[in-house]
Ligand SMILES: *Cc1c(COP(=O)(O)O)cnc(C)c1O
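Numbering (this note's numbering), first residue to last: 11 to 248.
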């Protein structure tokens, strides 16, 4: 498949408009929703094209790919790490990703704390939730979230900003509404505990197949790859 620069511009415009309409349908301010253009596997030229259309927030799922693109592309891009993070890659990502969406264990959080402290930075993160209990997915179980939030709150070089989920793959976006609703409720429950150093103001949910439903259910960040850049030649998560 090949995509001309025009089609990236058009796709971006269309995705932004669909986000806007979904927000308005739900009585939300469209400005509350940040579009993350998921550029994993895509070359720098395509990212530059999206950048030329005003896009500044990009998502990558691999540490090495993110850091290479960060070096090659404009410095005012906000890079988001959305894929599974191994503890042995933590050192390389600290200070580079504006937000890490995929924290799925206390062990990983502890490593992020250690390396952030060494570098003298505060790392912002989300807890990834395996909302449908899928074997194939990373993420904490909903019942383990609160204790994880309490533990992370005590790590001075980390800041827990919210929750992230990758909902089940489905051709019927409506089927994921219940999961997005659950994620929002989980975030509200944690927020209601008023844990120091935990804000819970970010809900990262919704992808190409289901982002409008996610926005209707309260997403503040949607992660859209295929819908902007077209299909990928190799698998999404790794
Ligand atoms: C690849 C990926 C996306 C984007 O998926 P599309 O279906 O191409 O929009 C979103 N979130 C995560 C975690 C991903 O790995």
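Built from N, CA and C at the ideal position, the CB exists for glycine as well.
Just so it is clear, the structure is predicted and the values come from calculations on it, not from any experiment.
Less than 9 Å between the beta carbons of residue 83 and residue 238, yes or no? Here residue 83 refers to the residue found at position 73 of the chain shown. Here residue 238 refers to the residue found at position 228 of the chain shown. Contact: no.
Three-way DSSP call (helix, strand, coil) for residue 46 in this model: In the chain shown, the residue the question calls residue 46 occupies position 36. Strand at residue 46.
When the Cα of residue 104 is compared with those of 116, 74, 115 and 114, which residue comes out closest? Counting from one through the chain shown, the residue named residue 104 turns up at place 94. Ranked by Cα distance from residue 104, the options 116, 74, 115 and 114 are led by 74.
Helix, strand or coil for residue 179 per DSSP? Translated into the one-based positions of the chain shown, residue 179 becomes position 169. Here residue 179 sits in coil by DSSP.
Apart from the five residues on each side of it in sequence, which residues of its chain come closer than 6 Å, Cβ to Cβ, to residue 70? Here residue 70 refers to the residue found at position 60 of the chain shown. For residue 70, where only same-chain residues beyond five positions count, the Cβ hits under 6 Å are 50 and 76.
So if DSSP puts residue 238 in a beta bridge, which residue, or which two residues, is it bridged to? Residue 238 sits at position 228 when you count from the first residue of the chain shown. Answer by DSSP bridge pairing: none, since residue 238 is not bridged.
Using the Cα positions of residue 225 and residue 29, report the straight-line distance between them to the nearest angstrom. Locating residue 225 in the chain shown gives position 215, counting from the first residue. Locating residue 29 in the chain shown gives position 19, counting from the first residue. Residue 225 and residue 29: Cα-Cα distance of roughly 7 Å.
Quick one: does the C-beta of residue 104 sit closer than 8 Å to a heavy atom of ligand 1? Position 94 of the chain shown holds residue 104. Every heavy atom of ligand 1 is 8 Å or more from the Cβ of residue 104, so no.
Given a threshold of 16 other Cβ atoms within 10 Å of its Cβ, counted over all protein chains shown, does residue 182 qualify as buried or as exposed? Stepping through the chain shown from its first residue, residue 182 is reached at position 172. With fewer than 16 other Cβ atoms within 10 Å, it is exposed.
Assigned secondary structure, residue 209 (DSSP; H/G/I helix, E/B strand, else coil): On the chain shown, residue 209 is found 199 positions in, with the first residue counted as 1. Strand at residue 209.
Any non-hydrogen atom of ligand 1 closer than 8 Å to residue 92 Cβ: The residue you call residue 92 lines up with position 82 of the chain shown. Yes, the Cβ of residue 92 comes within 8 Å of a heavy atom of ligand 1.
For the alpha helix (DSSP H) holding residue 112, just list the boundary residues, first then last. Here residue 112 refers to the residue found at position 102 when the chain shown is read from its first residue. Counting along the chain, residue 112 falls outside any alpha helix (DSSP H), though it belongs to the beta strand (DSSP E) covering 109-113.
Does the Cβ of residue 210 lie closer than 8 Å to at least one heavy atom of ligand 1? Start at 1 with the first residue of the chain shown, and residue 210 comes out as number 200. No, Cβ of residue 210 sits at least 8 Å from all heavy atoms of ligand 1.
On a CA-only basis, which of 229, 94 and 172 is nearest residue 256? Give me that one, please. Because the chain here runs from 11 to 248, residue 256 falls outside it and cannot be looked at.
In three-state terms, what does DSSP make of residue 123? Along the chain shown, one-based indexing puts residue 123 at 113. Residue 123: helix per DSSP, three-state reduction.
Consider the C-beta atom of residue 219 and the heavy atoms of ligand 3; say whether any pair is separated by less than 8 Å. Looking at this structure, you won't find ligand 3 anywhere; what it does contain is ligand 1.
Answer yes or no: the CB of residue 50 versus the heavy atoms of ligand 1, is any distance below 8 Å? The residue given as residue 50 occupies position 40 in the chain shown. Judged by the Cβ position, residue 50 qualifies as a neighbour of ligand 1 at the 8 Å threshold, a heavy atom of the ligand being closer than this.
Please confirm whether residue 232 and residue 97 have their CB atoms less than 9 Å apart. Here residue 232 refers to the residue found at position 222 when the chain shown is read from its first residue. Here residue 97 refers to the residue found at position 87 when the chain shown is read from its first residue. The criterion of a C-beta distance shorter than 9 Å is not satisfied by residue 232 and residue 97.
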